[in-house]
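In UniProt numbering, the protein residues as written are 1 to 317.
One structure below.
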């Protein structure tokens with residue numbers, strides 16, 4: 001998945017590992033060939049968009065106003081004869097806005113007063129579960145039930161993208177804690193439901209496979225002996241926090257049902273690994289090994305689907 005500075009998102013998928021590596025190197029080489037100034041400007045822009053607060057944006061008005069104006073605009077600006085009172089009025093309004101913003105109650109205060117409800121999307125998994133008094137988010141259960149009712153036989157289920165505007169609408173409904181009925185006609189496209197479920201996992205501040213476990217899972221998948229590899233991954237899965245373990249178990253059980261219908265929906269365990277690998281586990285800090293990590297992420301999900309009963313089963317199994 002590639003996200004540009006302008007906000008465009010592209011998803012490139014293939015079942016062939018060496019083809020994915022070729023794509024990665026081609027994209028990296030294209031980025032490296034960009035003029036140095038352009039890359040710095042892009043990063044600065046992204047940093048500014050991500051970090052600027054409301055007060056900082058107000059303060060930036062003064063700085064921006066002092067920047068030299070193009071010649072074709074100077075004549076227009078000089079024709080505007082602002083009086084001293086106009087300037088004072090603008091400064092007064094700006095000052096009041098700064099005071100208003102600085103006195104705003106915190107998000108925590110608004111949530112405590114019930115003015116803002118806890119969000120489902122973008123919240124930590126354990127907080128969602130604590131709020132719902134469960135170990136698996138209700139939204140995850142609802143999506144899985146909807147897909148198993150009417151999506152197991154759909155070609156490219158989870159690989160095909162749904163309408164983004166409708167997915168965002170569903171996201172809004174869930175976050176507002178409105179009564180959710182996924183059988184409603186507005187959610188009739190099952191790809192909207194699968195898209196929203198993938199978005200939920202993608203927006204978790206910490207992925208379903210916690211950051212502190214990432215390297216351990218990568219090392220486990222590298223083990224050559226298959227029985228030892230399965231045993232190692234099973235041991236790591238058992239150590240996960242309860243919400244992560246329970247949510248993972250119900251999700252992988254569901255994906256195993258998807259893979260069982262491969263002859264109809266064309267979604268093999270390998271295909272599901274490619275779709276869900278980067279969504280469910282990723283390193284806390286991206287390094288130059290991104291392409292290699294991506295292969296391991298896919299392989300971990302694929303193995304856990306193929307050996308589901310051995311990894312999630314009881315000790316006797």
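Beta carbons are placed, not taken as given, at the ideal position from N, Cα and C, and that holds for glycine.
Note that this is a predicted model, so its numbers are computed, not measured.
Legend entry - Closest residue to residue 194 among 28, 143 and 243 (Cα-Cα distance): Nearest C-alpha to residue 194: 143.
Inset, instruction - Less than 8 Å between the CB atoms is what I'm expecting for residue 230 and residue 307, so what's the real figure, rounded? - result: Contact flag correct, Cβ pair sits at about 5 Å.
Inset, instruction - Mind listing, in chain order, the continuous beta strand (DSSP E) runs of no fewer than 3 residues lying wholly within the segment 161–232? - result: With a minimum length of 3 residues, no continuous beta strand (DSSP E) run stays inside the segment 161–232.
Inset, instruction - Count the other C-beta atoms from every protein chain shown that fall within 10 angstroms of the C-beta of residue 12, then say buried if there are 16 or more, exposed otherwise. - result: It is exposed - the Cβ of residue 12 has fewer than 16 other Cβ atoms within 10 Å.
Legend entry - Extent of the continuous alpha helix (DSSP H) run through residue 306: Here the alpha helix (DSSP H) through residue 306 covers 290–306.
Inset, instruction - Please classify residue 3: does DSSP put it in a helix, a strand, or coil? - result: Residue state, collapsed to three classes: strand.
Inset, instruction - Can you grab the Cα-Cα spacing for the pair residue 139 / residue 281, in whole Å? - result: Straight-line Cα distance between these residues: approximately 20 Å.
Legend entry - Validate contact between the segment 184–198 and the segment 216–223 using beta carbons, cut 8 Å, 3 pairs: The segment 184–198 is not in contact with the segment 216–223.
Legend entry - Contact between the segment 247–263 and the segment 175–186 (3+ Cβ pairs under 8 Å): Output reads no: the segment 175–186 does not touch the segment 247–263.
Inset, instruction - Give me the Cα-Cα distance between residue 199 and residue 279, rounded to the nearest whole angstrom. - result: C-alpha separation (whole angstroms): 9 Å.
Inset, instruction - Specify the secondary structure class of residue 139 as computed by DSSP and reduced to three states. - result: Annotated three-state conformation of residue 139 is helix, per DSSP.
Legend entry - Three-state secondary structure (DSSP) of residue 121: Coil, per DSSP.
Inset, instruction - Under 6 Å Cβ to Cβ from residue 4, same chain only, skipping five residues before and after it: list those, please. - result: Around residue 4: no qualifying Cβ.
Legend entry - Cβ separation of residue 208 and residue 248, assumed to be a contact under 8 Å, to the nearest whole Å: Their Cβ separation, rounded to whole angstroms, is 6 Å, which keeps residue 208 and residue 248 in contact under 8 Å.
Inset, instruction - Determine the direct distance from the alpha carbon of residue 32 to that of residue 301, and round the result to whole angstroms. - result: Going by the C-alpha atoms only, they are around 31 Å apart.
Legend entry - Beta-carbon proximity of residue 267 to residue 156, cut-off 9 Å: Pairing residue 267 with residue 156 gives a Cβ-Cβ distance under 9 Å.
Legend entry - Those residues which DSSP pairs with residue 10 across a bridge: The partner list for residue 10 (beta bridge, DSSP) reads 2.
Legend entry - Buried versus exposed call for residue 299 [16 or more other C-beta atoms within 10 Å across all chains shown]: Residue 299 should be labelled buried.
Legend entry - residue 269 versus residue 202 - alpha carbon distance: Between residue 269 and residue 202, the alpha-carbon positions lie close to 19 Å from each other.
Legend entry - Closest residue to residue 246 among 92, 232, 134 and 101 (Cα-Cα distance): Out of 92, 232, 134 and 101, 134 has the C-alpha closest to the C-alpha of residue 246.
Inset, instruction - Return helix, strand or coil for residue 263, following the three-state DSSP convention. - result: If DSSP states are grouped into helix, strand and coil, residue 263 belongs with the helices.
Inset, instruction - Name the residue from 264, 286, 293 and 285 whose alpha carbon lies nearest to the alpha carbon of residue 273. - result: Of the candidates 264, 286, 293 and 285, the one whose C-alpha sits nearest the C-alpha of residue 273 is 293.
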